[in-house]
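Engineer: Please find one structure pasted underneath; my questions will follow.
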Amino acid sequence: MKIYTRTGDKGMTSLIGGKKVSKSAVRIESYGDVDELNAHIGLLGDLDLNAGRRAVLREIQDRLFTIGANLALAPEKNSNRIPDLIEEDILLLESQIDEMQERVPPLRSFILPGGHQYVSFGHLARTVCRRAERAVVRLSETEPVDEIVIRYLNRLSDYLFVMTRVMSAELGAEEICWTPRL
(Lines of atoms letter the chains of each structure in order from A; the text may use other names.)
(Lines give C-alpha, C1' and ligand atoms only; values in the text may rest on other atoms or scores of the structure.)
Protein backbone atom coordinates (compact mmCIF):
# COMPACT_ATOMS: atom_id res chain seq x y z
CA MET A 229 0.00 0.00 0.00
CA LYS A 230 1.41 3.39 -0.97
CA ILE A 231 1.22 6.23 1.52
CA TYR A 232 0.39 8.76 -1.18
CA THR A 233 -2.89 8.59 -3.04
CA ARG A 234 -2.84 11.90 -4.94
CA THR A 235 -6.54 12.29 -4.08
CA GLY A 236 -5.82 15.45 -2.05
CA ASP A 237 -3.71 17.17 -4.67
CA LYS A 238 -6.49 19.61 -5.52
CA GLY A 239 -7.18 20.66 -1.93
CA MET A 240 -10.00 18.24 -1.16
CA THR A 241 -10.14 15.40 1.34
CA SER A 242 -12.69 12.79 2.39
CA LEU A 243 -14.44 12.53 5.70
CA ILE A 244 -15.28 9.17 7.22
CA GLY A 245 -18.31 8.19 5.21
CA GLY A 246 -16.86 9.43 1.93
CA LYS A 247 -18.06 13.03 1.78
CA LYS A 248 -15.50 15.27 0.02
CA VAL A 249 -14.69 18.62 1.65
CA SER A 250 -12.09 21.32 1.23
CA LYS A 251 -8.95 20.89 3.29
CA SER A 252 -9.62 24.42 4.57
CA ALA A 253 -13.00 23.43 6.08
CA VAL A 254 -13.43 24.14 9.79
CA ARG A 255 -14.02 20.42 10.40
CA ILE A 256 -10.62 19.58 8.87
CA GLU A 257 -8.96 22.42 10.77
CA SER A 258 -10.46 21.17 14.04
CA TYR A 259 -9.20 17.62 13.74
CA GLY A 260 -5.91 18.88 12.33
CA ASP A 261 -5.44 20.96 15.48
CA VAL A 262 -6.31 17.91 17.59
CA ASP A 263 -3.71 15.90 15.63
CA GLU A 264 -1.09 18.59 16.28
CA LEU A 265 -2.01 18.55 19.97
CA ASN A 266 -1.57 14.77 19.99
CA ALA A 267 1.99 15.22 18.69
CA HIS A 268 2.76 17.70 21.48
CA ILE A 269 1.34 15.30 24.08
CA GLY A 270 3.57 12.58 22.60
CA LEU A 271 6.59 14.85 23.07
CA LEU A 272 5.64 15.45 26.71
CA GLY A 273 5.20 11.72 27.25
CA ASP A 274 8.66 11.05 25.84
CA LEU A 275 10.36 13.29 28.42
CA ASP A 276 12.09 11.30 31.18
CA LEU A 277 10.66 13.82 33.65
CA ASN A 278 7.16 12.60 32.77
CA ALA A 279 7.85 8.87 33.17
CA GLY A 280 5.36 8.75 36.07
CA ARG A 281 2.74 10.52 33.99
CA ARG A 282 3.42 8.59 30.79
CA ALA A 283 0.47 6.19 31.13
CA VAL A 284 -1.99 9.07 31.59
CA LEU A 285 -0.42 11.00 28.71
CA ARG A 286 -0.75 7.94 26.45
CA GLU A 287 -4.38 7.59 27.49
CA ILE A 288 -4.90 11.25 26.61
CA GLN A 289 -3.36 10.56 23.19
CA ASP A 290 -5.83 7.71 22.71
CA ARG A 291 -8.73 10.01 23.63
CA LEU A 292 -7.42 12.62 21.17
CA PHE A 293 -7.50 9.97 18.42
CA THR A 294 -11.09 9.26 19.46
CA ILE A 295 -11.88 12.98 19.16
CA GLY A 296 -10.18 13.08 15.76
CA ALA A 297 -12.28 10.16 14.54
CA ASN A 298 -15.42 11.81 15.89
CA LEU A 299 -14.60 15.07 14.09
CA ALA A 300 -13.62 13.29 10.85
CA LEU A 301 -17.01 11.61 10.59
CA ALA A 302 -19.35 13.23 8.07
CA PRO A 303 -22.28 14.53 10.16
CA GLU A 304 -24.85 12.74 8.01
CA LYS A 305 -23.00 9.41 8.39
CA ASN A 306 -23.62 9.01 12.11
CA SER A 307 -24.37 5.31 11.64
CA ASN A 308 -20.62 4.56 11.35
CA ARG A 309 -19.14 2.98 14.46
CA ILE A 310 -16.75 5.50 15.99
CA PRO A 311 -15.30 5.27 19.49
CA ASP A 312 -16.78 7.77 21.92
CA LEU A 313 -15.58 9.82 24.83
CA ILE A 314 -17.30 9.08 28.11
CA GLU A 315 -17.72 11.08 31.30
CA GLU A 316 -15.01 9.00 33.01
CA ASP A 317 -12.47 10.47 30.55
CA ILE A 318 -13.16 13.94 31.93
CA LEU A 319 -13.20 12.64 35.51
CA LEU A 320 -9.73 11.17 34.98
CA LEU A 321 -8.39 14.58 33.96
CA GLU A 322 -10.10 16.23 36.92
CA SER A 323 -8.70 13.70 39.40
CA GLN A 324 -5.21 14.18 37.94
CA ILE A 325 -5.57 17.97 38.17
CA ASP A 326 -6.69 17.72 41.81
CA GLU A 327 -3.76 15.43 42.68
CA MET A 328 -1.21 17.64 40.93
CA GLN A 329 -2.54 20.87 42.45
CA GLU A 330 -1.72 19.53 45.91
CA ARG A 331 1.95 19.47 44.88
CA VAL A 332 2.29 23.14 43.93
CA PRO A 333 1.67 26.38 45.82
CA PRO A 334 -1.58 28.25 45.21
CA LEU A 335 -1.57 30.42 42.12
CA ARG A 336 -1.16 34.10 43.00
CA SER A 337 -0.48 35.60 39.58
CA PHE A 338 -0.44 34.76 35.92
CA ILE A 339 2.47 32.57 34.88
CA LEU A 340 4.52 33.32 31.77
CA PRO A 341 5.52 30.27 29.71
CA GLY A 342 9.14 29.35 30.28
CA GLY A 343 11.60 28.66 33.06
CA HIS A 344 12.79 25.42 31.50
CA GLN A 345 12.64 23.92 28.02
CA TYR A 346 10.46 21.02 29.21
CA VAL A 347 8.00 23.43 30.85
CA SER A 348 7.86 25.40 27.60
CA PHE A 349 6.95 22.17 25.76
CA GLY A 350 4.02 21.83 28.17
CA HIS A 351 2.88 25.39 27.54
CA LEU A 352 3.07 24.82 23.78
CA ALA A 353 0.81 21.79 24.20
CA ARG A 354 -1.58 23.86 26.33
CA THR A 355 -1.84 26.63 23.75
CA VAL A 356 -2.38 24.15 20.90
CA CYS A 357 -5.10 22.56 23.03
CA ARG A 358 -6.81 25.94 23.39
CA ARG A 359 -6.57 26.47 19.62
CA ALA A 360 -8.10 23.04 19.00
CA GLU A 361 -10.88 23.86 21.45
CA ARG A 362 -11.61 27.15 19.64
CA ALA A 363 -11.73 25.35 16.26
CA VAL A 364 -14.13 22.73 17.63
CA VAL A 365 -16.35 25.43 19.16
CA ARG A 366 -16.34 27.26 15.81
CA LEU A 367 -17.34 24.00 14.10
CA SER A 368 -20.12 23.44 16.64
CA GLU A 369 -21.66 26.76 15.66
CA THR A 370 -22.54 25.40 12.20
CA GLU A 371 -22.44 21.60 12.46
CA PRO A 372 -23.23 19.02 15.14
CA VAL A 373 -20.39 18.29 17.58
CA ASP A 374 -20.77 16.14 20.66
CA GLU A 375 -20.52 18.59 23.58
CA ILE A 376 -18.27 16.22 25.53
CA VAL A 377 -15.52 16.89 22.96
CA ILE A 378 -15.47 20.59 23.88
CA ARG A 379 -15.61 19.79 27.60
CA TYR A 380 -12.72 17.32 27.26
CA LEU A 381 -10.50 19.80 25.42
CA ASN A 382 -11.32 22.51 27.96
CA ARG A 383 -10.39 20.24 30.85
CA LEU A 384 -7.28 19.01 29.05
CA SER A 385 -5.92 22.54 28.76
CA ASP A 386 -6.39 22.90 32.54
CA TYR A 387 -4.59 19.59 33.04
CA LEU A 388 -1.69 20.75 30.88
CA PHE A 389 -1.42 24.05 32.75
CA VAL A 390 -1.24 22.35 36.13
CA MET A 391 1.17 19.75 34.76
CA THR A 392 3.54 22.52 33.65
CA ARG A 393 3.47 23.93 37.17
CA VAL A 394 4.30 20.50 38.60
CA MET A 395 7.06 20.05 36.04
CA SER A 396 8.53 23.42 37.09
CA ALA A 397 8.50 22.32 40.71
CA GLU A 398 10.07 18.95 39.92
CA LEU A 399 12.81 20.62 37.89
CA GLY A 400 13.43 23.31 40.47
CA ALA A 401 12.74 25.80 37.69
CA GLU A 402 11.53 29.30 38.28
CA GLU A 403 7.87 29.96 37.66
CA ILE A 404 7.98 33.28 35.87
CA CYS A 405 5.21 35.44 37.24
CA TRP A 406 3.72 38.13 35.06
CA THR A 407 4.24 41.55 36.56
CA PRO A 408 2.20 44.03 34.54
CA ARG A 409 3.82 47.38 33.85
CA LEU A 410 1.39 49.96 35.13
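When you line the sequence shown up against my numbering, it's residues 229 to 410, in that order. From the three backbone atoms N, C-alpha and C, an ideal C-beta is built for every residue, glycine too.
1. Closest by CA to T392, which one among Q289, S337, H344?
2. Would you please state the rounded distance, in angstroms, between the beta carbons of L265 and A360? I believe it to be under 8 angstroms.
3. Measuring straight from C-alpha to C-alpha, what distance separates N278 and L272?
4. Below 8 angstroms, can you find three or more Cβ-Cβ pairs linking the stretch 279-293 to the stretch 237-257?
5. Secondary structure at V332, three-state DSSP: helix, strand or coil?
6. One question on the structure: do I318 and Y380 come within less than 8 angstroms of each other, judged by their Cβ atoms?
7. Between G246 and R409, what straight-line distance do the alpha-carbon atoms span, to the nearest angstrom?
8. Could I get the ranges of all uninterrupted alpha helix (DSSP H) runs contained in the stretch 241-280, with 4 residues as the minimum, in chain order?
9. From the DSSP output, in three-state form, read off I339 for me.
10. Where does D261 land, buried or exposed, given buried means 16+ other C-beta within 10 angstroms?
11. Let me know the secondary structure DSSP gives I376 once reduced to three states.
12. Quick one: grab the DSSP three-state call for L352.
Structural biologist: In terms of the structure at hand:
1. Translated into positions along the sequence shown, residue 392 becomes position 164. With distances taken between Cα atoms, T392 lies closest to H344.
2. As a first step, residue 265 must be located in the sequence shown, where it is residue number 37. As a first step, residue 360 must be located in the sequence shown, where it is residue number 132. Sure, about 5 angstroms apart at Cβ, within 8 angstroms.
3. Along the sequence shown, read from residue 1 onward, the residue named residue 278 stands at position 50. Along the sequence shown, read from residue 1 onward, the residue named residue 272 stands at position 44. So the alpha carbons of these two residues sit roughly 7 angstroms apart.
4. no
5. Position 104 of the sequence shown holds residue 332. Coil.
6. Your numbering for residue 318 matches position 90 in the sequence shown. Your numbering for residue 380 matches position 152 in the sequence shown. A contact, by the Cβ cut-off of 8 angstroms.
7. For the purposes of this step, residue 246 is taken as the residue at position 18 of the sequence shown. For the purposes of this step, residue 409 is taken as the residue at position 181 of the sequence shown. Whole-angstrom Cα-Cα distance: 54 angstroms.
8. 254-274
9. On the sequence shown, position 111 is the one that residue 339 refers to. I339 falls in the strand class under three-state DSSP.
10. Walking along the sequence shown from the start, residue 261 turns up at place 33. Under this definition D261 is a buried residue.
11. Residue numbering aside, residue 376 sits at position 148 when the sequence shown is read from its first letter. Reduced to three states, the DSSP call for I376 is helix.
12. Residue 352 sits at position 124 when you count from the first residue of the sequence shown. Helix.
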